[in-house]
Every structure is written in C-alpha cells, then in structure tokens.
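Enquirer:
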Ligand code: AMP
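This is the structure in structure tokens:
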C-alpha cells in the first residue's frame, strides 16, 4: 500500500532495525519501545484488521505465532513475553497494517 509506513519498511524504503525476516514476515525493533524488548512482527502482505482475515491469512497468522514461539530464546524472550495486537481507535492503533507487538525482557506491568 503506497502510504503505509510498514509497507515502506518492508520494501526497504524506510530504515528499521531488523531482527528477523523471511518470505512472509518481518520482525523489527519498535522505534518507541515501552518495554526492555519491544519488537513488531508484521506480515509482508498489507492488511489492517483481523476482520479481514480469510483462511490463507489465518494460516499465515498461525505460522507467525508458531515462529515467535520457536524463536523466543533468540529474541531474548526466554523468561516470558506478551503479544499485543491493537485494533482500531479505542485500542490506539496508529499504523493500519496488522502488526503484533512483542514485549518482554523484563517483568511486564498489567494495567487497564
Ligand atoms: P499501534 O499503536 O499498535 O498501531 O503501534 C504502532 C507502533 O509502530 C508504535 O509502537 C510505534 O512506536 C511504532 N512505529 C511507528 N513508526 C515506526 C518506525 N518507523 N519504526 C519502528 N516502529 C515504528
């Protein structure tokens, strides 16, 4: 998508600190971390919302979660981590390209 910042990061048009990349996902460091480790995992295919997930995208998201789980040690998340997907205005979603926040590296607060 032309004006999507994450599509530009995926295309290499905007710099990022990449942590992992394969043919279908990219994991990079969040520019404004809220935890000692704060990564963003994005599917390379542009879509914004879980309501847009069809069978193929569901399978992609399943593989993505499996990948994060298998990579937890090399991502520095061996002591535990939290995954967050913000969806829409009330959740404060600012980038409308589906992404999974990966938070860890320290005990995480749980606040509402
Ligand atoms: P959300 O509020 O769930 O849409 O999260 C968007 C996240 O993207 C925020 O945590 C931002 O700090 C992060 N972000 C925005 N621009 C960049 C960028 N150029 N590189 C890395 N992270 C970014």
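Numbering (the numbering used here), first residue to last: 2 to 113.
Quick reminder that beta carbons are idealized off the backbone N, C-alpha and C, glycines included.
Here the structure is a predicted model, which is why all the values come from computation and not from measurement.
(1) State buried or exposed for residue 11, treating a residue as buried only when at least 16 other CB atoms are found within 10 Å of its CB.
(2) Out of 81, 54 and 77, which has the shortest C-alpha to C-alpha gap to residue 30?
(3) Under the rule that 16 or more other beta-carbon atoms within 10 Å means buried, what is residue 82, buried or exposed?
(4) Which same chain residues, not among the five before or five after residue 79, have their C-beta less than 7 Å away from its C-beta?
(5) Among the candidates 39, 111, 5 and 2, whose CA atom is the shortest distance from the CA of residue 18?
(6) Are the stretch 33-49 and the stretch 84-104 in contact at 8 Å, needing three or more beta carbon pairs?
Expert: Once the coordinates are examined:
(1) Here residue 11 corresponds to residue number 10 of the chain shown, with the count starting at 1. Per the 10 Å Cβ criterion, buried.
(2) By 1-based counting over the chain shown, the position of residue 30 is 29. Restricting attention to 81, 54 and 77, the CA atom closest to the CA of residue 30 is found in 77.
(3) If you number the chain shown from 1, residue 82 lands on position 81. Residue 82 should be labelled buried.
(4) Along the chain shown, one-based indexing puts residue 79 at 78. Excluding its 5 nearest sequence neighbours in each direction, residue 79 has C-beta neighbours in its own chain below 7 Å: 73, listed in chain order.
(5) Translated into positions along the chain shown, residue 18 becomes position 17. Among 39, 111, 5 and 2, the Cα nearest to that of residue 18 is on 39.
(6) Contact check between the stretch 33-49 and the stretch 84-104: three or more CB pairs, one atom from each, fall below 8 Å, which counts as touching.
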